[in-house]
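Read through the structure below, which is laid out as structure tokens, and then see the notes.
In this note's numbering, the protein residues as written are -7 to 300.
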């Protein structure tokens, strides 16, 4: 008993000082740390579930994208190949362009929305520096919220709460909105979207859609076709269908990229939550050990005082 008394007499002042310093600094108590551990475990359950849901949805989006690629293949003869935005100079843009940015309505999906809005801002800055006109139409609430703060005056149309997974009916409705916004008055329409490569990689791409040329040395578009109605009117319908087909492909590409990015983001979140739980558990065990040691010292000091 004597060694314990000596230990108590020597350690008690230091423990009292340490406890008082901890209280002054506002450090988390044992109960607070325990509550943090419980909350973090609940968050990890949610992120793990969201990862599994995204993995299941990704398979369906991959199948729809695989079907959309051959469906949109006919536009390759009328539109140039999509271009990756990184290091692009946008020299091929005409004088007046309508930029259509594809983003998502929901968050927790990594940086897919930030990449698109950042590329859109860069495109607007470069085109305006060259004296060209650039208006913006946004698909998705996240893109609208990010661009509205800095380029609100350039936004002419926005579509939010878009039903997912999309369909060609939805793409046709979006194309009708663009035509209502005066798409025929622009020299070209530029679509910015995330292009799906695999479950871990997606790139930011843009493609330019120009109105069909009905007058040209070779007769323009469909020179040998016998139009029952006015050719400019038919070309206007063809232009709207061309926009709808390109929007449909971009929508499918962006949906697959969104699910892959969300799956990766939720996996990283679950991993980070596990590391945080380990760190909090270590802090909790130390606080619990300090509390038990303090209680033992108080018991030993009380017993020593009674013996004295």
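Glycine included, every Cβ here is placed at the ideal spot set by N, Cα and C.
These numbers come from a predicted model, not from an experiment.
The beta-bridge partner set that DSSP reports for residue 88 consists of 125. In this structure, DSSP gives residue 260 a helical state, which the three-state scheme calls helix. A distance of 8 Å or more separates the beta carbons of residue 37 and residue 269.
Of all C-beta pairs linking the segment 164 to 177 to the segment 246 to 261, fewer than three are shorter than 8 Å, placing the two stretches out of contact.
A Cβ-Cβ separation of about 3 Å places residue 95 in contact with residue 132 under the 8 Å criterion. For residue 195, the secondary structure class from DSSP, reduced to helix, strand or coil, is strand. Residue 156: not part of any beta strand (DSSP E); DSSP gives it neither H nor E.
By the 16-neighbour rule on beta-carbons within 10 angstroms, residue 161 is exposed.
If you ignore the 5 residues before and after residue 47, its C-beta comes within less than 6 Å of the C-beta of 255, all in its own chain and listed in chain order.
Annotated as proximal: residue 167 and residue 235, with beta-carbon spacing under 8 Å.
Spanning the alpha carbons of residue 226 and residue 163 requires a straight line of approximately 20 Å. For residue 201, the closest alpha carbon among the candidates 72, 23, 28 and 25 is that of 72. In this structure, DSSP gives residue 76 an extended state, which the three-state scheme calls strand. In this chain, the alpha helix (DSSP H) harbouring residue 47 covers 22 to 63. The segment 20 to 31 and the segment 275 to 286 touch, with three or more beta-carbon pairs separated by less than 8 Å. One thing to note: residue 196 has its Cβ within 8 Å of the Cβ of residue 111. By the C-beta criterion, the segment 76 to 93 is judged to be in contact with the segment 177 to 186, since at least 3 inter-stretch pairs fall below 8 Å. Residue 247 holds the alpha-carbon nearest to the alpha-carbon of residue 194 among 233, 247 and 151. The Cβ-Cβ distance between residue 39 and residue 262 falls below 8 Å. The criterion of a C-beta distance shorter than 8 Å is not satisfied by residue 245 and residue 198. The residue among 231, 64, 78 and 150 with its C-alpha nearest the C-alpha of residue 136 is 150. For residue 185, the three-state secondary structure derived from DSSP is strand. DSSP lists 94 and 151 as the beta-bridge partner residues of residue 131.
A Cβ-Cβ separation of about 11 Å leaves residue 147 out of contact with residue 141 under the 8 Å criterion. For residue 167, the three-state secondary structure derived from DSSP is helix. By a beta-carbon distance limit of 8 Å, residue 265 contacts residue 35. Their separation comes to about 6 Å.
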